[in-house]
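Visitor: Before I ask anything, here is the structure I am working with.
There are 2 protein chains.
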Amino acid sequence: MADLTEIDPISRTDRKRAAILDAATEIFLHQGYLGTSMDEVAAQAAVSKQTVYKQFASKEALFVAIVTSMTGAAGDVVQREIADMGELDDPEKQLLAYAERQLLVVLTPRLMQLRRLVIGEAGRFPELGRALQEGGPGRAVAGLSSALARWTDRGLLSIEDPQAAASHLNWLLMGEPVNRAMFLGDAAIPGPAALRRHAAEGIRVFFAAYGNRARQTP
Amino acid sequence: MADLTEIDPISRTDRKRAAILDAATEIFLHQGYLGTSMDEVAAQAAVSKQTVYKQFASKEALFVAIVTSMTGAAGDVVQREIADMGELDDPEKQLLAYAERQLLVVLTPRLMQLRRLVIGEAGRFPELGRALQEGGPGRAVAGLSSALARWTDRGLLSIEDPQAAASHLNWLLMGEPVNRAMFLGDAAIPGPAALRRHAAEGIRVFFAAYGNRARQTP
Numbered sequence: 001m002a003d004l005t006e007i008d009p010i011s012r013t014d015r016k017r018a019a020i021l022d023a024a025t026e027i028f029l030h031q032g033y034l035g036t037s038m039d040e041v042a043a044q045a046a047v048s049k050q051t052v053y054k055q056f057a058s059k060e061a062l063f064v065a066i067v068t069s070m071t072g073a074a075g076d077v078v079q080r081e082i083a084d085m086g087e088l089d090d091p092e093k094q095l096l097a098y099a100e101r102q103l104l105v106v107l108t109p110r111l112m113q114l115r116r117l118v119i120g121e122a123g124r125f126p127e128l129g130r131a132l133q134e135g136g137p138g139r140a141v142a143g144l145s146s147a148l149a150r151w152t153d154r155g156l157l158s159i160e161d162p163q164a165a166a167s168h169l170n171w172l173l174m175g176e177p178v179n180r181a182m183f184l185g186d187a188a189i190p191g192p193a194a195l196r197r198h199a200a201e202g203i204r205v206f207f208a209a210y211g212n213r214a215r216q217t218p
Numbered sequence: 219m220a221d222l223t224e225i226d227p228i229s230r231t232d233r234k235r236a237a238i239l240d241a242a243t244e245i246f247l248h249q250g251y252l253g254t255s256m257d258e259v260a261a262q263a264a265v266s267k268q269t270v271y272k273q274f275a276s277k278e279a280l281f282v283a284i285v286t287s288m289t290g291a292a293g294d295v296v297q298r299e300i301a302d303m304g305e306l307d308d309p310e311k312q313l314l315a316y317a318e319r320q321l322l323v324v325l326t327p328r329l330m331q332l333r334r335l336v337i338g339e340a341g342r343f344p345e346l347g348r349a350l351q352e353g354g355p356g357r358a359v360a361g362l363s364s365a366l367a368r369w370t371d372r373g374l375l376s377i378e379d380p381q382a383a384a385s386h387l388n389w390l391l392m393g394e395p396v397n398r399a400m401f402l403g404d405a406a407i408p409g410p411a412a413l414r415r416h417a418a419e420g421i422r423v424f425f426a427a428y429g430n431r432a433r434q435t436p
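Taken in order, these protein sequences are the chains called A and B.
Okay, so the first sequence: first residue is 1 according to my numbering, each after it adds one.
Okay, so the second sequence: first residue is 219 according to my numbering, each after it adds one.
Shown next as structure tokens:
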């Protein structure tokens, strides 16, 4: 049997990189940023410290890669659904499905742990906070905003400022459960039925304000 | 001149307690929870370590006292205004004033630093998170909920679930700016004019959904 390093050198590097990311994710989430050392990451990933530094120039770069990867994976799930949402009819039905999905994808213990960790370090390491802001709420609001603009173009909604409307919707949905989980821990994450009720209430408020039948004057 | 310790022993204790709280607040905000030692707090407050422990049984108890004191002071400002708000007429005008005040009081660098610090430690020290949840958003939503219920009793609003409505309003207002400040740092705190525009937009959405002229069916 041929040596894998010779027939497929790129995938061997990829596997090492994945092993480092997996090991580092567990250690960061359990021990915090300051409590994590590159030595421990190397040992846990069963690679040399040199290999770790070849892939990630610093502990900060490694953590940014983890934030990007974890928020990216969660965001991808939602964005796949949201990408062409503006082409579909019945915005209220589509947004309700989006809201339920978004709440279930984001409100997981791992993402809440990551979020606490990033916020705790955002003062010292602004790159970490920026990665989570852009890959998390920033991306969700941008995707929603595109869909709202497209529905407005198609005459199904009439929203003057899709970006502001998308932000209102995002925080109607995420504000309470995410912030409670930040302070009260993973046990405060609502179950699926409670999240669905919460989604329906947020969508009702949003359409009262932004639906075609909404009161138009402030 | 008489010795102050003899004529006013309670206020001397109070002054020491205040000096400890002041010193500890600065050290916690700048060095984080793990980076703060009771030795340093005692030195900075110019008291003995024994005195610190007489007032606060542990570092955790000291930090809970600081969270309670800082969120309490901010909350008091808002609660004084909100307490009898339901007795006043014109809910839309009252809530707009409340919204502006609440945003300006909460979105300060010190409260945002405290919030980051508490969230970062909430996994390890649930008491800290609970103190901030109860003294911060919990108290704001409870106060708002009372006012909404009173206005409903008086026929000025007709809100079936004041608690849910209060939470929607709170997160329409606080969601975006607070969470951006969590991730992007104190430089991301909007200025007063931007906060006033944001307050007006949130109040518009809230009254579209919950005002007496709102669409009543889901």
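Every residue gets a Cβ at the ideal spot worked out from N, C-alpha and C, and that includes glycine.
Values in this document were obtained by computation on a predicted structure and should not be read as measured data.
Measuring CB to CB, does L332 (chain B) end up less than 7 Å from M392 (chain B)?
Guide: It is not a contact, given that the beta carbons lie outside the stated cut-off.
Visitor: Figure out for me which residue from A:Q44, A:Y210, A:G202, A:L132 has the closest Cα to the Cα of G155 (chain A).
Guide: Looking at the Cα atoms, A:Y210 is the closest of the given residues.
Visitor: Is the beta carbon of Q94 (chain A) less than 7 Å from the beta carbon of L88 (chain A)?
Guide: Yes, the Cβ-Cβ distance between Q94 (chain A) and L88 (chain A) is below 7 Å.
Visitor: With 7 Å set as the bound, which would you pick, yes or no: does the beta-carbon of E176 (chain A) sit closer than that to a beta-carbon of chain B?
Guide: Interface residue, yes.
Visitor: Check the Cβ of R348 (chain B) against every Cβ in chain E and list those closer than 8 Å, keeping chain order.
Guide: In summary, chain E is missing from the structure at hand, where the protein chains are A and B.
Visitor: Please confirm whether A73 (chain A) has its beta-carbon closer than 7 Å to some beta-carbon of chain B.
Guide: By this cut-off, A73 (chain A) is not an interface position.
Visitor: Helix, strand or coil: which one does DSSP assign to G409 (chain B)?
Guide: G409 (chain B): coil per DSSP, three-state reduction.
Visitor: Among the candidates B:V270, B:D371, B:A291, B:G356, whose CA atom is the shortest distance from the CA of P309 (chain B)?
Guide: The candidate whose alpha carbon is nearest that of P309 (chain B) is B:D371.
Visitor: Please classify L132 (chain A) as buried or exposed, where buried requires at least 16 other C-beta atoms within 10 Å of its C-beta.
Guide: Buried is the call here.
Visitor: Is the shortest distance between the beta-carbon of H386 (chain B) and the beta-carbons of chain A less than 7 Å?
Guide: Taking Cβ atoms only, chain A reaches closer than 7 Å to H386 (chain B), which makes this a yes.
Visitor: Can you list the alpha helix (DSSP H) stretches of 4 or more residues lying completely in the segment 85-167 of chain A, in chain order?
Guide: Taking only runs of at least 4 residues, the alpha helix (DSSP H) segments lying wholly in the segment 85-167 of chain A are 91-106, 109-121, 126-133, 139-153.
Visitor: G290 (chain B) by DSSP, collapsed to three states: which one?
Guide: Three-state DSSP puts G290 (chain B) in a helix.
Visitor: Please decide whether R414 (chain B) counts as near chain A, where near means a Cβ-Cβ distance under 7 Å.
Guide: With 7 Å as the cut-off, R414 (chain B) does not count as an interface residue toward chain A.
Visitor: Quick one: grab the DSSP three-state call for F274 (chain B).
Guide: Looking at F274 (chain B) - three-state DSSP - the assignment turns out to be coil, as it is neither helix nor strand.
Visitor: Check the Cβ of T24 (chain A) against every Cβ in chain B and list those closer than 7 Å, keeping chain order.
Guide: Contrary to the premise, residue 24 (chain A) reads as Ala rather than Thr in this sequence. Residues of chain B passing the Cβ test: none, with the nearest at roughly 18 Å.
Visitor: By how many angstroms is the C-alpha of L107 (chain A) removed from the C-alpha of F67 (chain A)?
Guide: Per the sequence shown, residue 67 (chain A) should be read as Val rather than Phe. Cα-Cα distance, rounded: 16 Å.
Visitor: Taking only three categories from DSSP, how would you classify V47 (chain A)?
Guide: Looking at V47 (chain A) - three-state DSSP - the assignment turns out to be coil, as it is neither helix nor strand.
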